[in-house]
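Each remark here refers to the structure printed beneath this line.
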Amino acid sequence: MIAHTPDTSRTGITVRGLRHAFNGHTVLDGVDLDVPAGTVLALLGPSGCGKSTLLKALAGLLRPQHGDIQFDGATVCDARLHEPPERRGLGMVFQDYALWPHMSVAQNVSFPLEMRGVARKARPAMVQDALALVGLHEHAARRPSELSGGQQQRVALARAIVARPRVLLFDEPLSNLDRTLRESLCIEIGALLRRLGTTAVYVTHDHEEAHALAHTIARMSHGRIADLVATNKDTA
Ligand SMILES: Nc1ncnc2c1ncn2[C@@H]1O[C@H](COP(=O)(O)OP(=O)(O)O)[C@@H](O)[C@H]1O
Ligand SMILES: [Mg+2]
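Just so we're aligned, residue 1 is where the sequence shown starts under full-length UniProt numbering, counting upward by one.
Written as structure tokens, this is what we have:
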């Protein structure tokens with residue numbers, strides 16, 4: 001497979017001065033972050049340090065009390081503006097696969113395309129492409145309950161990438177899987193991200209996972225980015 005060469009000269013995600021408190025308890029304490037276009041940033045830190053809150057702010061699921069966020073140079077959040085998630089061009093994968101049980105795999109993956117108003121005729125090929133990318137094209141007609149946990153998370157991954165989002169957000173997507181599956185899926189997600197070249201933020205508390213996947217690791221502590229470490233991936 002040919003590795004994608006990230007375009008680090010373009011901005012992917014810019015975060016400036018992000019602050020948020022819940023009931024007077026500071027959870028984001030002045031977060032500044034730059035994720036170059038086409039690179040993967042891992043947000044690594046202990047439980048409770050604010051990782052999910054930061055990811056929700058990027059997603060538009062939470063409006064931070066202070067600070068600005070830009071995607072590809074366009075403001076999605078500042079003091080005046082708060083673009084809702086569906087207008088940010090995102091794909092998201094969470095810990096609990098969040099698939100719709102009454103829909104087939106293909107219907108689950110097709111859903112973001114419907115939401116974005118992609119023409120009905122164009123959808124099946126895009127769904128098949130996304131399912132092929134995660135190795136599930138033969139399971140399109142199944143229900144999520146007929147799949148293993150690892151396969152369900154692949155469906156969630158296919159659903160996140162099907163509309164070719166400009167930003168992918170992951171919140172500990174492998175935490176519910178056993179170790180062997182976690183390791184193999186982690187390698188697969190890393191390869192897929194490099195192949196797609198989508199700017200991504202990947203939340204984890206697992207150091208090895210962060211190293212395997214990311215171009216840069218942002219260590220988070222008490223609502224701040226403590227430091228940034230470049231892994232030796234293909235950003236040169
Ligand atoms: N909606 C909320 N209301 C009140 N407190 C919250 C809410 N969401 C998160 N918190 C608190 O904010 C802190 C950071 O949470 P979170 O961002 O989920 O951490 P992490 O994902 O790093 O484990 C925790 O102390 C958590 O209890
Ligand atoms: Mg969390």
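Beta carbons: idealized from backbone N, C-alpha and C, even for Gly.
### Task
Could you tell me whether the Cβ atoms of leucine 185 and glycine 150 are closer together than 8 Å?
yes
### Query
Taking the alpha-carbon positions, what's the leucine 177 to arginine 159 distance?
Near 19 Å, if we compare the C-alpha coordinates of arginine 159 and leucine 177.
### Query
Under 8 Å, do leucine 62 and leucine 169 count as touching if we go by C-beta distance?
No; because the gap between Cβ atoms is not below 8 Å, this pair is not in contact.
### Query
How long is the line joining the alpha carbons of histidine 25 and leucine 131, rounded to whole angstroms?
Looking at the backbone, the Cα of histidine 25 and that of leucine 131 are separated by about 42 Å.
### Message
Rounded to whole angstroms, what is the Cα-Cα separation between serine 175 and aspartate 78?
### Response
Roughly 32 Å separates the two Cα atoms.
### Message
Can you tell me whether methionine 1 is buried or exposed? The criterion is at least 16 other CB atoms within 10 Å of its CB, across all chains shown.
### Response
Any reading at methionine 1 is ruled out, since the residue's pLDDT is 48, under 50, leaving its predicted position unreliable.
### Task
With a cut-off of 5 Å, give the chain-ordered residues whose Cβ is closer than this to any heavy atom of ligand 1.
Phe22, Val27, Ser47, Gly48, Cys49, Gly50, Lys51, Ser52, Thr53
### Query
Going by C-alpha distance, which of Asp29, Asn23, Glu83, Asp72 is nearest isoleucine 225?
Asp29
### Query
With respect to 7 Å, is the separation between the Cβ of glutamate 172 and the closest non-hydrogen atom of ligand 2 below this value?
yes
### Query
Thinking just about the alpha-carbon of each residue, which of Thr5, Arg166, Gly67 is nearest to the one in arginine 87?
Arg166
### Task
Note down the Cα distance separating glycine 45 from lysine 121, rounded to an integer number of angstroms.
44 Å
### Query
By Cβ distance, which residues of its chain are closer than 7 Å to tryptophan 100, with the 5 residues on each side in sequence left out?
Cβ neighbours of tryptophan 100 within its own chain (closer than 7 Å, five residues either side excluded): Asn108.
### Task
In the DSSP assignment, find the alpha helix (DSSP H) that holds phenylalanine 22 and state where it starts and stops.
Where phenylalanine 22 is concerned, there is no enclosing alpha helix (DSSP H), although the beta strand (DSSP E) it sits in stretches over 11 to 22.
### Query
How would you write the range of the alpha helix (DSSP H) that valine 162 sits in, first residue to last?
Valine 162 -> no alpha helix (DSSP H), and no H or E assigned at all.
### Query
Mapping DSSP to helix, strand and coil, what is alanine 125?
helix
### Task
Could you tell me how far apart the beta carbons of proline 173 and phenylalanine 94 are, in whole angstroms, since I believe they sit closer than 8 Å?
7 Å between Cβ atoms; contact.
### Message
I'd like the list of long-range same chain contacts for alanine 236, defined as Cβ closer than 8 Å, with 5 residues on each side in sequence excluded.
### Response
Only weak support exists for where alanine 236 lies, its pLDDT of 42 falling under 50; the coordinates are left without a value.
### Message
Nearest by alpha-carbon distance to glycine 73: which of Ala125, Leu113, Gly12, Arg164 is it?
### Response
Gly12
#### Entry: Distance, histidine 82 Cα to aspartate 32 Cα
18 Å
#### Entry: Rounded separation between glutamine 128 and isoleucine 69 - CA only
33 Å
### Query
Start and end of the alpha helix (DSSP H) containing glutamine 107?
105 to 115
### Query
Helix or strand or just coil, what does DSSP make of arginine 80?
Secondary structure of arginine 80 (DSSP, three-state): coil.
### Query
Any idea which residues DSSP pairs proline 36 with across the strands?
Thr11
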